[in-house]
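Below is one structure, written out as structure tokens, with a few remarks after it.
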Amino acid sequence: MTTETIETIEDFETFADLGLSENILKALTEMGFTKPSPIQAQGIPAVMLGSDVIGQAQTGTGKTAAFGIPVLERIDVTNNAVQALILCPTRELAVQVSEEIGRLAKFQRGLKIEAIYGGDSIDRQIRSLKKGVHIVVGTPGRVMDHMQRRTLKFDEVRMMVLDEADEMLDMGFREDIESILADMPEDRQTILFSATMSKPIMSITKRFLNDPVLIKVVRNELTNVNIEQVCFEVKPQAKVEVMTRLIDMYHLKSLLVFCNTKRKVDEIVEELQLRGYASEGIHGDLRQQQRSNVMSKFKAGVTTILVATDVAARGIDVSGLDGVINYDIPLDEEYYVHRIGRTGRAGMSGKAFSLVARDEKFRLKTIENYTKVKIEKGVIPSYEDIVGVRKARFVESISASIQEGDTDLYQDVLEMLRHSGFTTEQIVAALAKQIMGVQKNEYADTNLAWEERRGGEGRREGGSDRFERRSSGGSTGGRFERGSRDGGSREGDRRGPSSDRFASRERTGSSESRAPREPRERDGEAKRTAAPEAGMTRLFLSLGRKDHIMPRDIVGAIAGEANIPGKTIGAIDIYDKFTFVDVPERDARTVLRAMDGNTIKGKAVQIDIAK
Ligand code: ADP
Ligand code: MG
């Protein structure tokens with residue numbers, strides 16, 4: 026349990042000042058809650074007065090107790106009927122909320138709470154409900170189900186709570202919520218909590234809430250000094266690489282990665298898993314059961330990286346994270362605040378890293394203006410840095426193992442290897458290499474960030490970098506042995522070990538290796554007439570040396586525009602006024618279509634199949 030997690034803006038009164046009963050105060054002390062959070066300090070009195078209440082506060086600000094305490098204060102334990110109904114968007118939240126209220130009710134003898142949600146046996150729930158329950162915490166679908174079966178009676182409900190209302194609406198529960206609300210006794214009290222106030226929420230409150238009091242606490246996390254906010258200017262293709270470097274460098278062991286779309290979630294998870302990082306994704310397309318699995322693995326620390334969309338992450342209760350990474354910059358400033366609010370709790374400092382592509386720069390500016398915080402620009406850790414930290418950690422963990430003892434069983438391993446003719450130094454070095462998972466530097470440090478100066482060329486430049494795939498022998502993140510590798514379906518895997526990465530770079534003539542591709546007009550004619558390699562088609566481009574184009578401009582433009590991997594592009598011969606370039610036969614049409622009438626370095630180009 027986290028205590029002191031709530032940032033108070035000013036000094037709020039104590040829980041005792043709020044006029045709570047002894048039982049609750051005792052429970053709060055046991056739970057380690059010393060001070061009400063802002064939403065509690067303002068919300069509890071309002072709800073206790075009996076008015077309808079709309080509470081808006083971010084995740085992790087203590088909304089559960091803000092409604093849970095007044096609910097408990099109003100329950101008559103001698104009446105064996107449901108007196109409060111709390112709706113939550115998901116099973117995890119329903120369980121979580123019922124557990125938290127259970128803790129608050131520890132000293133209220135005889136009080137019964139039941140969580141009801143889909144995926145659990147309805148018969149078991151029915152039996153439980155029959156015994157008499159005072160508070161029901163449920164998901165809208167399952168509550169509807171019970172209403173229709175008449176296994177839940179609401180005639181004596183006095184309080185109705187919509188928790189995380191925005192997420193319930195996002196998940197499509199609007200109709201269920203409306204019919205549940207319509208079925209509640211007229212004279213009940215209705216309380217709605219939400220992290221954001223959207224139009225649909227406003228319309229629900231208009232229809233179903235009676236002269237509500239609005240309590241809004243949104244300021245606190247904006248000024249959270251515990252969160253170290255840093256941005257990194259990264260080429261889009263290099264984001265995963267940079268992310269893993271940051272994870273290694275800062276030793277982030279529990280981490281939430283945010284991105285804007287569901288598809289990205291899946292992509293990132295796959296990339297991270299391929300590199301040996303224990304990561305899973307969570308988004309709206311997952312079934313309840315899958316969501317729960319993902320969440321419990323993350324909470325247990327089996328998965329260390331959770332990748333999520335904003336909507337999916339909103340309801341889940343994860344706090345005290347080492348860090349949050351904004352894989353992309355959110356489209357809404359408030360999302361940014363929500364995202365980074367997941368870290369830096371309980372007096373620990375958290376890291377909030379944002380990976381900013383060139384075209385996201387302005388969005389970051391908007392966020393800075395909104396939060397009034399300058400987001401500092403970070404330096405991407407170099408390959409050397411990463412190897413350095415891994416070495417240090419390796420040494421640390423080996424020393425720890427030795428101190429733990431129990432290594433007798435393994436002592437003859439060294440002897441066995443020595444007999445095979447290796448020196449101790451060689452053996453240790455090989456072990457270190459294997460365990461640390463660092464083998465080859467797949468990514469040139471200079472190829473990760475975009476640079477401010479380059480203006481219009483940028484997009485094309487991007488195309489020339491080969492981050493699309495990585496070979497199987499690459500950095501595995503050093504966490505654990507990679508399991509099955511997707512049947513080697515990625516081209517990167519088929520290409521074999523990373524040792525040929527640099528060789529391939531040469532063939533495609535990126536910036537470091539221009540030489541082999543420099544025009545050779547004198548001896549070139551002979552080559553010109555030679556046919557292209559099998560499977561390749563030779564294309565003619567109407568630009569040449571007089572246009573100051575270089576092989577990398579061409580690779581960049583073709584790879585970028587036709588969306589084919591730069592490394593599949595073959596020989597390039599640049600002449601004064603024109604250029605020949607070989608592309609895979611199957612891509613020739615695509616390249617012609619993509620490039621015709623297009624520009625390279627701002628110059629219009631004509632492209633055709635070479636005669
Ligand atoms: P929300 O619903 O706003 O996302 P929760 O009610 O789930 O937030 O609370 C987040 C965490 O903070 C929980 O672990 C909860 O036990 C803890 N918490 C709530 N109120 C307090 C408080 N006044 N003091 C310390 N911890 C609190
Ligand atoms: Mg909540």
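Start counting the sequence shown at 26; every next residue gets the next number (this note's numbering). Positions of the beta carbon are idealized from the N, C-alpha and C atoms, including for glycine. Nothing here was measured: the structure is a model prediction, and the numbers come from that model.
- For the ligand MG, residues qualifying as neighbours are K88, T89, D188, E189, where qualification means a beta carbon closer than 6 angstroms to at least one of its heavy atoms (chain order).
- Given a length threshold of 4 residues, each whole run of the alpha helix (DSSP H) inside the stretch 362 to 428 is given here in chain order: 386 to 396.
- Approximately 17 angstroms separates the beta-carbon atoms of H308 and T84; this is outside 8 angstroms, ruling out the contact.
- Sequence-distant partners of F603 (beyond 5 residues in either direction) whose C-beta falls short of 8 angstroms from its own C-beta, in its chain, are F565, L566, S567, L568, G569.
- Secondary structure of F58 (DSSP, three-state): coil.
- DSSP places G143 outside both helix and strand once states are collapsed to three, so it counts as coil.
- The C-beta of Q214 has 16 or more other C-beta atoms within 10 Å across all chains shown, which makes the residue buried.
- Short note on K322: C-beta not closer than 8 angstroms to any heavy atom of the ligand ADP.
- Taking the CA atoms as reference points, L356 sits about 14 angstroms from N394.
- The closest CA to that of Y302, considering only G80, D236, T329, is found on T329.
- One alpha carbon belongs to E98, the other to I293, and they sit about 46 angstroms apart.
- Beta bridge pairing from DSSP links N351 with F283, S379.
- Counted as a single uninterrupted DSSP element, the stretch harbouring P210 is not any alpha helix (DSSP H), since DSSP gives it neither H nor E.
- For R563, DSSP records a beta bridge to D607.
- Of the heavy atoms belonging to the ligand ADP, at least one sits nearer than 8 angstroms to the Cβ of T84.
- Going by C-alpha positions, V381 is about 20 angstroms away from Y408.
- Taking the CA atoms as reference points, V267 sits about 18 angstroms from D291.
- Linking A333 to L439 through their CA atoms gives a straight-line distance of about 45 angstroms.
- DSSP places S344 outside both helix and strand once states are collapsed to three, so it counts as coil.
- For L239, no alpha helix (DSSP H) run applies; the uninterrupted beta strand (DSSP E) run containing it begins and ends at 238 to 242, by DSSP.
- In this chain, the alpha helix (DSSP H) harbouring D191 covers 190 to 195.
- Counted as a single uninterrupted DSSP element, the stretch harbouring F323 is not any beta strand (DSSP E) but the alpha helix (DSSP H) occupying residues 313 to 324.
- CA-CA distance, R367 to V453, rounds to 40 angstroms.
- Between G157 and A106, the C-beta gap is smaller than 9 angstroms, which places the two residues in contact.
- Judged by DSSP in its simplified three-state form, Q81 adopts strand.
- Excluding the 5 residues flanking it on each side, A635 has same chain C-beta neighbours closer than 7 angstroms at R563, L564, F565, F605, in chain order.
- Of the candidates G135, A556, D621, the residue whose Cα lies closest to the Cα of D607 is A556.
- In this structure, the ligand ADP has no non-hydrogen atom nearer than 8 angstroms to the beta-carbon of D431.
- Sixteen is the threshold: since fewer than 16 other Cβ atoms of the shown chains lie within 10 Å of the Cβ of N235, the residue is exposed.
- In the DSSP secondary-structure assignment, T624 is bridged to A629.
- With a cut-off of 8 angstroms, the C-beta of I64 is classified as near the ligand ADP, since at least one heavy atom of the ligand falls inside that distance.
- Here the alpha carbons of V343 and L129 stand approximately 20 angstroms from one another.
- Membership of Q254 in any alpha helix (DSSP H) is not indicated; the residue belongs instead to the beta strand (DSSP E) covering 252 to 258.
- In the structure shown, F198 adopts coil according to DSSP, grouped into three states.
- Taking 9 angstroms as the cut-off, the beta carbon of I405 is found closer than this to the beta carbon of R270.
- If you ignore the 5 residues before and after S123, its C-beta comes within less than 6 angstroms of the C-beta of I138, A140, V162, all in its own chain and listed in chain order.
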